[in-house]
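Enquirer: Residue numbers (mature numbering (1 follows the signal peptide of the UniProt record, and there is no 0)): -19 to -1, 1 to 220.
(1) Tell me whether the segment 72 to 87 and the segment 112 to 120 touch, counting them as touching only if at least three CB pairs, one residue from each stretch, are closer than 8 Å.
(2) If we count the other Cβ atoms within 10 Å of its Cβ and call it buried at 16 or more, is residue 210 buried or exposed?
(3) List in chain order: all unbroken beta strand (DSSP E) runs of 3+ residues lying wholly within the segment 53 to 78.
(4) Apply the 10 Å Cβ neighbour rule to residue 164 and answer buried if 16 or more other Cβ atoms are within range, or exposed otherwise.
(5) Going by the CB atoms, is the gap between residue 28 and residue 218 shorter than 8 Å?
(6) Under 8 Å, do residue 14 and residue 215 count as touching if we go by C-beta distance?
(7) Are three or more beta carbon pairs between the segment 58 to 69 and the segment 89 to 109 nearer than 8 Å?
(8) Okay, do the segment 169 to 178 and the segment 126 to 146 touch, 3+ Cβ pairs below 8 Å being the bar?
(9) By DSSP, does residue 160 sit in helix, in strand, or in coil?
(10) Hey, out of 154, 177, 203 and 57, whose CA is closest to residue 213's CA?
(11) If you reduce the DSSP assignment to three classes, tell me which class residue 19 lands in.
(12) Could you check which residue in 202, 23 and 25 has the C-alpha nearest to that of residue 127?
(13) Report the option in 74, 69 and 57 whose CA atom is closest to the CA atom of residue 173.
(14) Which residues bound the beta strand (DSSP E) around residue 181?
(15) If we count the other Cβ atoms within 10 Å of its Cβ and call it buried at 16 or more, is residue 22 buried or exposed?
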């Protein structure tokens, strides 16, 4: 990973050194995040210069149900569900510090920054549960997921014409705060929630959860905290 990161930085420096593309000194940019298409998301961003080295950025995105990455459902002896799909919105404000004087060069080159990312997703989960007596129950859940992530980032914006640039968000490590609630549309026995929590523990993702993360008949809302990471490639237009 470190070797790959070093190669990427070196390549960007080399391209920048040999590039003779003139850049118009514009204070505004709009961008389309190309890599968000991988998971069925569409995100547009707006960035504006506010000083010699600082800019502010706001991204708005929508996550569709389809994408190249799918999350498999639960598949245990007692609980079997469909694949997990979700839709929703995300809002991503950023503050960036460019090493260049961007009032003179435009918003290009290496930058450091900080971000807050808020996402709200909805999901439907269907399946079947079989209790200890062998009685089957239909599962029909509506889920709401709220995620607030805070982190830092480093990137490089490469000009390819007078107005167009490619923005490489190289790394954006942070911490994500998740609030998950589920609403059952069917009657289920009390022991279902014990079996659900046991099934969730078998997923590698849940190795990172603390012991307080549980669903029950009384509590159908749970909070957790996970590490988060952002990366991406965007096409930008200056005006």
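Backbone N, C-alpha and C define an ideal beta-carbon position, used for all residues, glycine too.
Expert: In terms of the structure at hand:
(1) no
(2) By the Cβ neighbour-count rule, residue 210 is exposed, with fewer than 16 other Cβ atoms within 10 Å of its own.
(3) Complete beta strand (DSSP E) runs here, min 3: 60 to 62.
(4) exposed
(5) no
(6) Residue 14 is a Cβ neighbour of residue 215, given a cutoff of 8 Å.
(7) yes
(8) no
(9) strand
(10) 154
(11) helix
(12) 202
(13) 57
(14) No beta strand (DSSP E) holds residue 181; the alpha helix (DSSP H) holding it covers 172 to 182.
(15) buried
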